[in-house]
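S.K.: Residue numbers (the numbering used here), protein chains in the order written: chain A, 74 to 305; chain B, 74 to 305; chain C, 74 to 305; chain D, 74 to 305. Beta carbons are placed, not taken as given, at the ideal position from N, Cα and C, and that holds for glycine.
#1: Does the beta-carbon distance from residue 186(D) to residue 173(D) come in below 8 Å?
#2: Consult DSSP for residue 77(A) and reduce its assignment to one of helix, strand or coil.
#3: Quick check on residue 149(C): buried or exposed, where buried means 16 or more other Cβ atoms within 10 Å of its Cβ?
#4: What in chain D is Cβ-close to residue 302(A), meaning under 9 Å?
#5: Under 7 Å Cβ-Cβ, which residues of chain A neighbour residue 299(B)?
#6: Taking C-beta pairs closer than 7 Å, name the residues in chain B that residue 182(A) reaches, listed in chain order.
#7: Would you say residue 108(A) reaches chain D, if we count a Cβ-Cβ gap shorter than 8 Å as a contact?
#8: Put residue 226(C) into one of helix, strand or coil per three-state DSSP.
#9: Measure the Cβ-Cβ separation of residue 244(B) and residue 171(B) and say whether it is below 8 Å.
#10: What did DSSP end up calling residue 107(C) once you bin it into helix, strand or coil?
#11: What does DSSP give as the partner residue(s) for residue 244(C) in the beta ladder?
#12: So for residue 165(B), helix, strand or coil by DSSP?
#13: Just list the residues that DSSP pairs residue 141(B) with in beta bridges.
#14: If you check the beta carbons only, do residue 202(A) and residue 239(A) fall under 8 Å apart?
#15: Rounded C-beta distance between residue 241(A) and residue 188(B)? I'm assuming under 8 Å.
#16: Determine, for residue 281(D), whether the minimum Cβ-Cβ distance to residues of chain C falls below 8 Å.
#17: Here's the rule: buried if 16 or more other CB atoms are within 10 angstroms of the residue's CB, otherwise exposed. What is residue 179(D)?
#18: Distance, Cα to Cα, residue 90(B) vs residue 291(B)?
#19: Under a CB-based cut-off of 8 Å, is residue 196(D) close to chain C?
#20: Are three or more beta carbon pairs between the segment 103 to 120 of chain A and the segment 247 to 263 of chain A nearer than 8 Å?
#21: Could you work out which residues of chain B lie near residue 176(A), taking near to mean beta carbons separated by less than 7 Å?
#22: Less than 8 Å between CB atoms is the rule here; does residue 258(A) satisfy it with respect to chain B?
#23: Are residue 190(A) and residue 175(D) closer than 8 Å when you measure CB to CB?
#24: Could you say which of 113(A), 271(A), 289(A) lies nearest to residue 82(A) if we only look at CA atoms?
#25: Using CA atoms only, rank isn't needed, just tell me which of 298(C), 156(C), 152(C), 264(C) is closest to residue 230(C).
#26: Under the rule that 16 or more other beta-carbon atoms within 10 Å means buried, what is residue 138(A), buried or exposed?
#27: Using CA coordinates, which residue listed in 96(C), 133(C), 246(C), 119(C) is at the minimum distance from residue 79(C)?
#28: Does the pairing of the segment 115 to 126 of chain C with the segment 268 to 286 of chain C give three or more beta-carbon distances under 8 Å?
#29: Which parts of the segment 153 to 216 of chain A are runs of the beta strand (DSSP E), unbroken and 3 residues or longer, counting only runs that do not cross its ends?
#30: Among residues of its own chain, excluding the 5 on either side of residue 289(D), which ones have a beta-carbon nearer than 7 Å to its beta-carbon?
#31: Pick from 111(A), 116(A), 76(A): whose alpha carbon is nearest that of residue 88(A)?
#32: Reducing DSSP to helix, strand and coil, say where residue 112(D) ends up.
#33: Going along chain A in order, which residues have a C-beta closer than 8 Å to the C-beta of residue 139(D)?
#34: Does the distance from the C-beta atom of residue 130(B) to that of residue 142(B) stay below 8 Å?
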């Protein structure tokens with residue numbers, strides 16, 4: 074079987090979404106890429122998480138050709154593949170319809186950075202894509218979902234802002250690995266929940282200052298990171 | 074015992090409502106129909122889910138006559154029966170007072186289709202009935218609850234919109250089978266929750282375009298469905 | 074030991090509050106009365122639910138004298154006792170700071186009857202007391218909490234409306250037995266949650282008609298009740 | 074190993090945050106102090122709660138020097154230490170990003186005392202700090218987070234108001250011991266949740282009277298306390 078280690082990590086990334094309450098039934102999917110071989114392992118479409126095994130994962134190449142697996146890949150596979158091609162620094166992609174992030178996506182509203190929880194993981198607002206045009210929906214919908222994400226990130230660093238809201242749809246998140254992508258999807262949902270509470274309490278709540286944003290982001294990322302045990 | 078297989082499926086549909094947090098105490102009920110025999114198996118009234126067995130289910134004919142069972146059927150049995158008569162393509166009916174769907178029903182407000190989660194399962198808004206008149210309440214309340222649902226669906230396809238909000242009351246959902254009805258009740262609650270979050274974030278949130286609505290609905294339903302493993 | 078059966082029921086009523094998520098730490102308390110002996114069994118003050126046993130319950134007479142027990146009774150005991158004296162038809166009292174009912178109590182707002190879930194158990198709005206005066210707070214606070222409840226129920230039937238919101242405080246609920254009181258406290262919290270969702274969706278949501286209110290209440294209560302297995 | 078008893082209590086205070094749903098992943102931290110020795114035991118930075126042991130805790134002196142431990146202390150250690158120096162009567166400090174309290178902190182809004190649940194534990198509003206200046210963020214961020222808390226408490230008694238919201242950040246709570254600090258953090262989150270519900274129901278909701286505030290606070294604290302079993 075191809076990519077046994079990646080399969081295990083992608084399986085665990087999928088199950089992390091269940092453990093953290095981000096998925097209902099078969100909603101949502103996670104994938105991971107082996108950059109050397111140019112192969113992606115992704116959740117099959119419509120398979121229950123309780124029964125999911127590493128063997129069930131479908132391995133496709135970057136053009137979407139099934140290389141190994143007897144099941145259909147996630148119906149969102151073309152979005153995943155476009156993200157891997159557009160963002161060469163990422164190693165995992167996660168898509169969910171998690172409750173609060175989807176609320177923001179359905180409102181077609183970027184999540185403002187209201188606090189340090191957000192700033193720790195997303196360097197600025199969680200952006201929202203433009204809606205797809207009727208032509209984009211009709212022609213090649215899942216591919217074009219990736220296109221509008223790529224468009225939105227033309228001036229953004231995907232590792233500094235590891236997630237996005239697709240308007241009228243739901244969030245995508247990513248990271249250096251499939252595990253990191255799942256982690257970022259969970260944090261994105263948490264940040265979306267905090268921001269929801271914040272705007273209810275004060276609809277005019279102010280965003281954090283650019284100084285505080287940078288401070289917190291750099292505590293956890295980059296050469297000056299002080300969080301965790303990386304320096305020890 | 075009549076209908077042993079249907080009883081098992083209806084029991085499981087009832088228990089699925091518990092597993093997914095849709096019912097408190099004995100609120101809610103699920104039924105299924107054997108179209109050949111014209112018999113319906115339904116939850117007995119006021120029996121705790123923890124103790125519910127397949128044998129406890131009550132079998133009634135389409136006129137409500139008890140054919141097998143020693144317990145009273147759900148007090149909503151007449152609504153179920155009218156739905157089976159009105160919608161010949163359905164095989165299961167579920168009624169709950171689930172938290173968010175009931176919030177919308179109490180506000181007598183249809184749930185707008187704000188996103189693809191909704192569009193995947195409901196082809197358009199989740200409609201709301203008109204309130205029952207005083208005469209309808211007095212004369213034959215549970216039957217008339219079915220009447221106002223039927224009225225609301227005169228121009229709708231019950232399989233394309235597998236649920237409804239009864240004004241000032243709560244949701245009903247249905248499907249080709251009792252399992253599908255329970256699944257649709259769970260998804261309806263999720264969709265109601267997402268829509269609640271959406272209107273709080275933006276009270277003027279826009280509905281999805283008709284193109285996106287059709288695209289997502291057709292990804293999961295009909296001859297062009299690409300979701301899941303049905304093509305494999 | 075006095076009242077072994079009542080103690081078991083009161084213990085279970087207290088634990089039901091935990092099972093249904095109505096209490097945090099030692100918040101909340103349930104009691105039950107033996108009307109023949111004029112004795113009340115009540116939760117001791119500040120004891121963790123996990124460790125609570127039937128023996129820990131404190132038995133007091135209707136004047137608050139401890140008849141059996143080595144622990145202090147709940148600090149709200151005087152409110153319980155006044156309710157037993159004012160409402161001779163009740164057999165159990167429950168007090169919680171449950172999340173949504175307390176939200177309404179803190180807003181000093183009665184819970185309007187927006188739907189049939191509410192109408193099934195509360196015949197009309199869940200009323201709110203007036204705030205206590207400074208003198209009432211100072212002189213005999215817990216007793217006067219009962220006084221303002223009694224005042225509010227001068228024209229209400231405590232069994233038709235088995236609960237109340239004490240302004241700036243939290244709910245009390247009651248019933249014919251301690252079990253019924255706990256059940257009503259759980260339903261009150263659920264009704265408070267549904268009403269919260271309703272007013273967020275539509276701040277002008279309409280109350281149910283008096284006809285629908287009566288219909289649903291009578292389905293579950295009184296001589297014409299059709300719900301459950303009582304007629305079988 | 075130094076401070077074995079304190080380590081166990083601080084470990085349990087950290088785990089209480091998990092048990093009560095206040096932390097996601099490694100967010101949040103608890104510490105405790107041995108006043109005689111002037112030593113603080115604190116959670117290491119970025120270590121998963123599931124794996125956390127008493128041995129993993131880091132012991133630092135009040136200047137932040139590591140006295141025992143091989144891991145990095147929590148990145149918030151300087152805030153904890155300043156609080157121990159500013160508030161000589163406290164024995165434990167907890168920091169979380171709990172959902173509702175962080176919502177209020179992000180809205181930079183003090184939590185008004187809307188009810189007795191709040192009054193039982195916080196004698197007045199839960200205050201919010203001013204935002205840190207750019208200079209304070211740049212120079213010594215975690216230390217200055219403690220500075221703005223201390224500033225806000227110049228005229229407040231830290232044991233009567235055992236918590237604070239840091240604007241655009243999240244809550245800190247404290248108490249006479251690490252256990253009490255964790256307990257207060259849990260209650261603060263509960264109070265924040267109740268107040269959220271209250272302002273949604275009535276954006277003009279009134280605060281409790283000063284008499285009611287004092288009455289409830291004194292029921293649980295001080296020489297006239299009547300709650301619990303302390304007098305028995």
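M.R.: The short version:
#1: By 1-based counting over the fourth chain, the position of residue 186(D) is 113. By 1-based counting over the fourth chain, the position of residue 173(D) is 100. Taking 8 Å as the Cβ cut-off, residue 186(D) and residue 173(D) do not qualify as a contacting pair.
#2: Position 4 of the first chain, counted from the start, is the residue given in the question as residue 77(A). Residue 77(A): helix per DSSP, three-state reduction.
#3: In the third chain, the residue the question calls residue 149(C) occupies position 76. Buried, by the Cβ-count rule.
#4: Within the first chain, residue 302(A) is the residue found at index 229, counting from 1. Result: 117, 118, 119, 120, 144, 145.
#5: On the second chain, residue 299(B) is found 226 positions in, with the first residue counted as 1. Within 7 Å Cβ-Cβ: 148.
#6: Your numbering for residue 182(A) matches position 109 in the first chain. 274, 275, listed in chain order.
#7: Translated into positions along the first chain, residue 108(A) becomes position 35. Judged by the 8 Å Cβ criterion, residue 108(A) is not in contact with chain D.
#8: On the third chain, position 153 is the one that residue 226(C) refers to. The answer is coil: DSSP assigns residue 226(C) none of H, G, I, E or B.
#9: Here residue 244(B) refers to the residue found at position 171 when the second chain is read from its first residue. Here residue 171(B) refers to the residue found at position 98 when the second chain is read from its first residue. Yes, these two residues count as a Cβ contact at 8 Å.
#10: Position 34 of the third chain, counted from the start, is the residue given in the question as residue 107(C). Strand, per DSSP.
#11: Position 171 of the third chain holds residue 244(C). Answer is 238(C).
#12: Within the second chain, the letter at position 92 stands for residue 165(B). Residue 165(B) falls in the strand class under three-state DSSP.
#13: Within the second chain, numbered from 1, the residue matching residue 141(B) stands at position 68. Beta-bridge pairing links residue 141(B) to 132(B).
#14: Counted from its first residue, the first chain places residue 202(A) at position 129. Counted from its first residue, the first chain places residue 239(A) at position 166. Cβ distance < 8 Å, so residue 202(A) and residue 239(A) count as in contact.
#15: Here residue 241(A) corresponds to residue number 168 of the first chain, with the count starting at 1. Here residue 188(B) corresponds to residue number 115 of the second chain, with the count starting at 1. Residue 241(A) to residue 188(B), Cβ: 5 Å. Contact.
#16: The count along the fourth chain starts at 1 and reaches residue 281(D) at position 208. Judged by the 8 Å Cβ criterion, residue 281(D) is in contact with chain C.
#17: The count along the fourth chain starts at 1 and reaches residue 179(D) at position 106. Classification of residue 179(D): buried, given that the 10 Å Cβ count is 16 or more.
#18: If you number the second chain from 1, residue 90(B) lands on position 17. If you number the second chain from 1, residue 291(B) lands on position 218. Taking the straight line joining both Cα atoms gives about 27 Å.
#19: Position 123 of the fourth chain, counting from 1, holds the residue named residue 196(D). It does not: the Cβ of residue 196(D) has no partner Cβ on chain C nearer than 8 Å.
#20: yes
#21: Translated into positions along the first chain, residue 176(A) becomes position 103. The contacting residues are 267, 270, 271, 274.
#22: Taking the first residue of the first chain as position 1, residue 258(A) is located at position 185. For residue 258(A), the answer is no, since every Cβ of chain B falls outside 8 Å of its Cβ.
#23: As a position in the first chain, residue 190(A) is number 117, starting the count at 1. As a position in the fourth chain, residue 175(D) is number 102, starting the count at 1. Yes, Cβ-Cβ distance for residue 190(A) and residue 175(D) is below 8 Å.
#24: Counting from one through the first chain, the residue named residue 82(A) turns up at place 9. Nearest option by C-alpha distance: 113(A).
#25: The sequence position of residue 230(C) within the third chain is 157, counting from 1. Ranking the options by Cα distance to residue 230(C), first place goes to 156(C).
#26: Along the first chain, read from residue 1 onward, the residue named residue 138(A) stands at position 65. Label assigned to residue 138(A): exposed.
#27: Residue mapping note: residue 79(C) aligns to position 6 of the third chain, counting from 1. Comparing Cα-Cα distances from residue 79(C) to each of 96(C), 133(C), 246(C), 119(C), the minimum goes to 133(C).
#28: no
#29: 165 to 168
#30: Numbered from 1 along the fourth chain, position 216 holds the residue referred to as residue 289(D). 189, 192, 193, listed in sequence order.
#31: Residue 88(A) sits at position 15 when you count from the first residue of the first chain. If we check each option's Cα against that of residue 88(A), 116(A) comes out closest.
#32: Position 39 of the fourth chain holds residue 112(D). In this structure, residue 112(D) counts as strand in the three-state DSSP scheme.
#33: Taking the first residue of the fourth chain as position 1, residue 139(D) is located at position 66. Correct list: empty, because the minimum Cβ distance to chain A is about 11 Å.
#34: Here residue 130(B) refers to the residue found at position 57 of the second chain. Here residue 142(B) refers to the residue found at position 69 of the second chain. In this structure, residue 142(B) lies closer than 8 Å to residue 130(B) by Cβ.
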